[in-house]
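There are 2 protein chains.
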Amino acid sequence: MAPEQAATSVADAYAELESRVERLTNITAGAGVLRWDQEVVMPEGGTQARAKQLSTLSSISHEELTDPEMGELLDELEDADLDQGQSAVVREIRRKYDRATSVPTELVEAISETTANAHPVWMEAKEEDDFETFAPTLETLIEQKREYAEHIDPDADPYAVLFAEYEPYLDLETAERVLERLRDELVPLIEAVAESDVELGGAFDGEFDADTQEELSRDVLDALGYDWDRGRLDTAPHPFSTGTQFDARVTTRFDEEDLLGSITSTVHEFGHANYTLGLPDEEYGTPLGESRDLTVHESQSRLWENHVGRSAAFWEHFLPTAADRFPALSDVSPRDAYEAANQVYDDNLIRTEADELTYHMHIIVRFEIERELISGDLAVEDVPEVWNDKYEEYLGVRPETDAEGCLQDIHWSHGSFGYFPTYSLGSVLAAQLYAAAEDDVGDVDAQVREGKFDELNGWLRENIHRHGATYTTPDLVEEATGEGYTADYFIDYATEKYGRLYDLEAF
Amino acid sequence: MAPEQAATSVADAYAELESRVERLTNITAGAGVLRWDQEVVMPEGGTQARAKQLSTLSSISHEELTDPEMGELLDELEDADLDQGQSAVVREIRRKYDRATSVPTELVEAISETTANAHPVWMEAKEEDDFETFAPTLETLIEQKREYAEHIDPDADPYAVLFAEYEPYLDLETAERVLERLRDELVPLIEAVAESDVELGGAFDGEFDADTQEELSRDVLDALGYDWDRGRLDTAPHPFSTGTQFDARVTTRFDEEDLLGSITSTVHEFGHANYTLGLPDEEYGTPLGESRDLTVHESQSRLWENHVGRSAAFWEHFLPTAADRFPALSDVSPRDAYEAANQVYDDNLIRTEADELTYHMHIIVRFEIERELISGDLAVEDVPEVWNDKYEEYLGVRPETDAEGCLQDIHWSHGSFGYFPTYSLGSVLAAQLYAAAEDDVGDVDAQVREGKFDELNGWLRENIHRHGATYTTPDLVEEATGEGYTADYFIDYATEKYGRLYDLEAF
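Chains A and R supply the protein sequences, listed in that same order. For the first sequence, our numbering gives the first residue as -5, with consecutive numbering after it. For the second sequence, our numbering gives the first residue as -5, with consecutive numbering after it.
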């Protein structure tokens, strides 16, 4: 074949791949809107029909992704001379194609059916505090997910295969190393905090009207620079963010006794939406216009939630706004607010209510348990006891019920084994990115104190958001920070921050 | 083939058809949610990506509908021994399949592109009051739609083919006969009203806070028995209703100077949603669980809007609720409210603001003009003058601008030629159905006066809603009323109602 012809053929093949991938993106984005609708505005009666609509869209996606012509295009393009962006698109689609084609449709459907039925079973088990009810479903899900992993890579640790569903490019060894380090370094820190005489908090005790909390959440989003032309704020029982670079929505929740919870939840979801909004408009439709996976996404939410939203600088800036909405806060000082936002709870059993330090212990418990469940080293019936023992060991508290123990999270009912670690990996990355941003744009704290978030966000746009999925996770971290993914910055940050807050001499 | 085998094969073929049709329904219902989202909650920035998402879903629907295997299944089933419901499904899908397969994909895409671009052009032309800007686009749409019709049936009047897109089972001759009768009978009635000394209205003059109007719209929906577990109320610039029997949503709009407008709009959209909610749950997915076409749908909205919402009985029941929300109304009598709701405007140029009588003249103008545009007897450039002449002839008013003349409606920019007549045909059917319901359930007026809508709605559920698209439009009317579709009831109703209201001796 003459070179000219080969070039044409590659260009045609890439255009055809791109057009197929854009269709897939459109279906997925449409399904995302249906899910947002279901969580936020759908009347309850719509549940059954919505499940059917989502199931059809999911089948169509699967069929289009696994179309043999997709495989032929990928084969052709992998040998071709492509630019960086094109190569990244081929790499990402190849990964999805290989995973999707290696699992038999019957198994995919069986897992769908199990998870669809698992949700109400888990809900009931949690309400009734009855793990036995959920155990057989969990057993089935573990077996199906193990089988699923074996189809994708019979030679790999099945948990590693499942973990790669959420974080494909940081391998399980890295995850394990980081989580072990967090455990080793944070356990003594948490113990020291528990023994400290310092008492933080109290600044936000009281009742706070939900409607006014909503106004304040809008104030927070205004302050951070959320683009309302491409987003909106609503409430949802389990806050989330969803969308595309053209329309990335935030949800939050309001508990009249927990003002701080709605603020941190709003800032957290802003971090997710802000990442999505920073993806390049012109790349909508392919992985170049899509976010990197869960570690990077969570790094964005945690960076804004913790490094910005729980900083002393932020409260110096934002407290007057909060006091305008809630005059009861006019006696609170920025320092009081900062301390309240960073209380370490030594008796908390619930992951979603955990502080920045103990949070990781909640993750480590889940990580260790789900690894053993998938490997078969732990029987489902033993989960409650092992869970409670680990809570006692790592956190010094023992759940009295399974409802506030191993039944608290929805994830396993979704069959999402391997998801939890990405929360901690994201927090760790947040600290690394924040440190790199400080190196580049100067005193971010001073900017935050003045309500200026542009330089920090500009750095994130430039170094993370605009790249979409061009780079793998490790390469993206390297490009952005000049070094490999590391927990050093998080450990330093946590040690210094809590050492000062709790007046700990050894830290 | 042995009979046993044939039966199995038919059952299998029908099951396969049903499964394909359910997929199509799920895609269409999903796209409906995306459209609702776009009109009601989507931030403006989402427009471009949403267009792509909807276009992908529309392509997928088209591809799945026109799949040759669909044709083979239809061929096989048309010769088979099916029950009434199955035959109806085959009839409806065959109709859609034949239309979809006879039009070349390139033409479908060209029309999509023209209409996508037409919308902003029409908007601008209307804002600038400049028909010339819109004329070339209108010209293109007419040519493309004529070509479209020729592909579907080269032997038929192209306008009849386009009309059948919105009302497939009442032929164009019926539509024409009914519209001519409306013109012949209503023109003298409207003239007599104009000459009458009676002055109606004024009861709802004033300003009415939008938030309170929204509460009152919720009161109306409560009063009529709207099922909030399967619906919701929101605002939209052009009110509409959309959804399935599990989730049928209403939108309305609030103008602080037009309280009556928000109430009648809410009741109208309730009528549409109430029809959808009456479709059988267990038939979701096929035409048996879908509404009949636009004439029947509009009969439901008009029945509730006009025969209920503009009745003296309704205002006797509902006025106290309205006065609770708006104390300024406490001096208004039910009779005043009834009269205000039935004012005939002899100087109104805008279709959507028209009363029950002159409304049909607005439709007849559009019907006559679009027929001649499609047949080629009228040139696009002459539309403004012909439009204005016809308004003068039928309504006694002449638009001074095209913005309040031939540019007022969105429909032509959608390429929806043949849609307008279904508004009048639906009103006519509303009167026929209301009369039949009165025959069966007794004094509906007396029930409405007591706020009891159950018997009327029960009659509609039983005779219209639960049938889905089992019957063709004429058969459905015959089943429900015992006679063929006729304008007699509407003419009687209009003549008597307005004869009394305006004290007209000759009527």
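No residue lacks a Cβ here, since even glycine has one placed at the ideal position from N, Cα and C. Here the structure is a predicted model, which is why all the values come from computation and not from measurement.
Looking at chain R, is there any beta carbon in it that lies within less than 7 Å of the beta carbon of A/Lys46?
What you label residue 46 of chain A is simply residue 52 of the first sequence in a count that begins at 1. With a threshold of 7 Å between beta carbons, A/Lys46 makes contact with chain R.
Determine the contact status of A/Ala317 and A/Phe198, defining contact as a CB-CB distance below 7 Å.
Mapped onto the first sequence, residue 317 of chain A falls at position 323. Mapped onto the first sequence, residue 198 of chain A falls at position 204. Cβ distance not < 7 Å, so A/Ala317 and A/Phe198 don't count as in contact.
Is any beta-carbon of chain R found at less than 7 Å from that of A/Phe264?
As a first step, residue 264 of chain A must be located in the first sequence, where it is residue number 270. It does not: the Cβ of A/Phe264 has no partner Cβ on chain R nearer than 7 Å.
How is the alpha helix (DSSP H) around R/Asp241 delimited, first residue to last?
By one-based count along the second sequence, residue 241 of chain R stands at place 247. No alpha helix (DSSP H) holds R/Asp241; the beta strand (DSSP E) holding it covers 241 to 246.
When the Cα atoms are used, what is the spatial distance from R/Ala375 to R/Thr127?
Position 381 of the second sequence holds residue 375 of chain R. Position 133 of the second sequence holds residue 127 of chain R. A small correction: the amino acid at residue 375 of chain R is Glu; Ala does not occupy that position in the sequence shown. One Cα belongs to R/Glu375, the other to R/Thr127, and the distance between them is close to 11 Å.
Taking Cβ-Cβ distances shorter than 7 Å, what residues in chain A pair up with R/Asn20?
Locating residue 20 of chain R in the second sequence gives position 26, counting from the first residue. Contacts between R/Asn20 and chain A, judged by CB atoms closer than 7 Å, involve Lys46, Gln47, Thr50 in chain order.
Okay, do the segment 158 to 165 of chain R and the segment 357 to 371 of chain R touch, 3+ Cβ pairs below 8 Å being the bar?
Here the segment 158 to 165 of chain R makes no contact with the segment 357 to 371 of chain R; the two share fewer than three CB pairs at distances below 8 Å.
Starting from A/Gly237, trace the alpha helix (DSSP H) in both directions and tell me its first and last residue.
Residue 237 of chain A sits at position 243 when you count from the first residue of the first sequence. Boundaries for A/Gly237: no alpha helix (DSSP H) harbours it, while the beta strand (DSSP E) harbouring it runs 235 to 238, taken from the DSSP string.
Could you tell me which chain R residues have their CB closer than 9 Å to the CB of A/Met36, listed as they occur along the chain?
Locating residue 36 of chain A in the first sequence gives position 42, counting from the first residue. Listed along the chain, the chain R residues whose CB falls inside 9 Å of the CB of A/Met36 are Val27, Arg226, Asp241.
Under DSSP, the alpha helix (DSSP H) around A/Asp439 begins and ends at which residues?
Sequence index remark: in the first sequence, residue 439 of chain A carries index 445 (1-based). Per DSSP, A/Asp439 belongs to the alpha helix (DSSP H) from 438 to 443.
R/Asp149 - DSSP class collapsed to helix/strand/coil
As a first step, residue 149 of chain R must be located in the second sequence, where it is residue number 155. If DSSP states are grouped into helix, strand and coil, R/Asp149 belongs with coil.
Candidates A/Arg243, A/Leu470, A/Glu350, A/Arg460, of which the one nearest A/Gly303 by Cα:
In the first sequence, the residue the question calls residue 303 of chain A occupies position 309. Nearest C-alpha to A/Gly303 among A/Arg243, A/Leu470, A/Glu350, A/Arg460: A/Glu350.
Note down, in chain order, each residue of its chain lying with its Cβ closer than 8 Å to the Cβ of A/Leu156, except the 5 sequence neighbours on either side.
If you number the first sequence from 1, residue 156 of chain A lands on position 162. So the list reads Lys139, Tyr142, Ala143, Ile368, Phe411, Gly412, once near-sequence residues are dropped.
Just reading off the beta strand (DSSP E) that A/Thr229 is part of, what are its end residues?
Residue numbering aside, residue 229 of chain A sits at position 235 when the first sequence is read from its first letter. It spans 227 to 229 - the beta strand (DSSP E) in which A/Thr229 sits, taken as one unbroken run.
For R/Ile54, the first and last residue of its enclosing alpha helix (DSSP H):
The residue you call residue 54 of chain R lines up with position 60 of the second sequence. Looking at the DSSP string, the run of the alpha helix (DSSP H) that includes R/Ile54 is 41 to 59.
Note down, in chain order, every chain R residue with its Cβ under 9 Å from the Cβ of A/Arg17.
Locating residue 17 of chain A in the first sequence gives position 23, where the first residue counts as 1. What A/Arg17 touches in chain R: Thr50, Ser53, Ile54.
Nearest CA to the CA of A/Trp406: which residue from A/Met36, A/Leu470, A/Thr109?
In the first sequence, counting from the first residue as 1, residue 406 of chain A sits at position 412. Distance from the Cα of A/Trp406 is smallest, within the candidate group A/Met36, A/Leu470, A/Thr109, for A/Thr109.
Partner residues on chain A for R/Trp222, Cβ-Cβ distance less than 8 Å:
Counting from 1 along the second sequence, the entry for residue 222 of chain R is found at position 228. Against R/Trp222, the close residues of chain A are Pro37, in the order they occur along the chain (beta-carbon pairs closer than 8 Å).
Please state whether the Cβ-Cβ distance between R/Gly225 and A/Pro281 is less than 7 Å.
Mapped onto the second sequence, residue 225 of chain R falls at position 231. Mapped onto the first sequence, residue 281 of chain A falls at position 287. Taking 7 Å as the Cβ cut-off, R/Gly225 and A/Pro281 do not qualify as a contacting pair.
Once you ignore the five residues that flank R/Trp298 on each side, which residues in its own chain have a CB closer than 8 Å to its CB?
The residue given as residue 298 of chain R occupies position 304 in the second sequence. These residues qualify, in order along the chain: Leu218, Val261, His262, Phe264, Gly265, Asn268.
If contacts are defined as beta-carbon pairs under 8 Å, then A/Tyr91 and A/Leu59 qualify, I think. What distance do you get, rounded to the angstrom?
Locating residue 91 of chain A in the first sequence gives position 97, where the first residue counts as 1. Locating residue 59 of chain A in the first sequence gives position 65, where the first residue counts as 1. Correct: roughly 6 Å between the Cβ atoms.
At least 3 beta-carbon pairs within less than 8 Å: the segment 319 to 332 of chain A vs the segment 384 to 402 of chain A:
In short, these stretches do not touch, since the Cβ pair count stays below three.
If the cut is a Cβ gap below 8 Å, which residues of chain A does R/Tyr269 touch?
Against the second sequence, residue 269 of chain R aligns to sequence position 275. Chain A residues near R/Tyr269: none, gap ~16 Å exceeds 8 Å.
When you compare the CB positions of A/Glu201 and A/Gly462, do they come within less than 7 Å of one another, or not?
Residue numbering aside, residue 201 of chain A sits at position 207 when the first sequence is read from its first letter. Residue numbering aside, residue 462 of chain A sits at position 468 when the first sequence is read from its first letter. No, they are not a contact pair.
Amino acids of chain A, ordered along the chain, whose beta-carbon sits closer than 7 Å to that of R/Gln42
As a first step, residue 42 of chain R must be located in the second sequence, where it is residue number 48. Result: Phe240.
Flag R/Asp31 as yes if its beta-carbon sits less than 7 Å from any beta-carbon of chain A, otherwise no.
The residue you call residue 31 of chain R lines up with position 37 of the second sequence. It does: the Cβ of R/Asp31 has a partner Cβ on chain A nearer than 7 Å.
Of the residues A/Glu63, A/Val422, A/Ala23, the one placed nearest A/Ser52, counting alpha carbons only:
For the purposes of this step, residue 52 of chain A is taken as residue 58 along the first sequence, with counting starting at 1. If we check each option's Cα against that of A/Ser52, A/Ala23 comes out closest.
To the nearest whole angstrom, what separates the beta carbons of A/Tyr487 and A/Val187, a pair I think is in contact under 8 Å?
Taking the first residue of the first sequence as 1, we reach residue 487 of chain A at position 493. Taking the first residue of the first sequence as 1, we reach residue 187 of chain A at position 193. Wrong, their Cβ atoms sit about 15 Å apart, outside the cutoff.
Would R/Pro393 be called buried (16 or more neighbouring beta carbons within 10 Å of its own) or exposed?
What you label residue 393 of chain R is simply residue 399 of the second sequence in a count that begins at 1. That one is buried.
Give, in chain order, every unbroken run of the alpha helix (DSSP H) that is at least 4 residues long and sits entirely within the segment 298 to 352 of chain R.
DSSP runs (the alpha helix (DSSP H)) wholly in the segment 298 to 352 of chain R: 306 to 319, 328 to 334.
Less than 7 Å between the beta carbons of A/Asp377 and A/Cys400, yes or no?
In the first sequence, the residue the question calls residue 377 of chain A occupies position 383. In the first sequence, the residue the question calls residue 400 of chain A occupies position 406. Going by the sequence as given, residue 377 of chain A is Val instead of Asp. Judged by beta-carbon spacing, A/Cys400 lies within the 7 Å limit of A/Val377, meaning their Cβ atoms are closer than that value.
Which chain R residues sit within Cβ distance under 7 Å of A/Gly24?
What you label residue 24 of chain A is simply residue 30 of the first sequence in a count that begins at 1. Going along chain R in sequence order, the residues near A/Gly24 (Cβ under 7 Å) are Gly24, Leu28, Gln47, Leu51.
Cutoff 6 Å; reference R/Tyr153; Cβ partners in own chain excluding five residues on either side
By one-based count along the second sequence, residue 153 of chain R stands at place 159. Non-local beta-carbon contacts of R/Tyr153 in its own chain, meaning distances under 6 Å to residues more than five positions away in sequence, involve Arg365, Ile368 in chain order.
With distances taken Cα to Cα, identify the nearest neighbour of R/Gly341 among R/Arg29, R/Glu185, R/His408, R/Thr245.
Along the second sequence, read from residue 1 onward, the residue named residue 341 of chain R stands at position 347. One point to set straight first is that residue 341 of chain R is Asp, not Gly, in the sequence displayed. Comparing Cα-Cα distances from R/Asp341 to each of R/Arg29, R/Glu185, R/His408, R/Thr245, the minimum goes to R/Glu185.
Would A/Val442 pass as a contact of A/Phe308 if the rule is Cβ separation under 7 Å?
Sequence index remark: in the first sequence, residue 442 of chain A carries index 448 (1-based). Sequence index remark: in the first sequence, residue 308 of chain A carries index 314 (1-based). Result yes, Cβ atoms of A/Val442 and A/Phe308 sit closer than 7 Å.
Am I right that R/Thr467 and R/Arg286 are in contact with their C-beta atoms under 8 Å? What's the rounded C-beta distance?
Within the second sequence, the letter at position 473 stands for residue 467 of chain R. Within the second sequence, the letter at position 292 stands for residue 286 of chain R. The Cβ separation is near 6 Å, so the contact holds.
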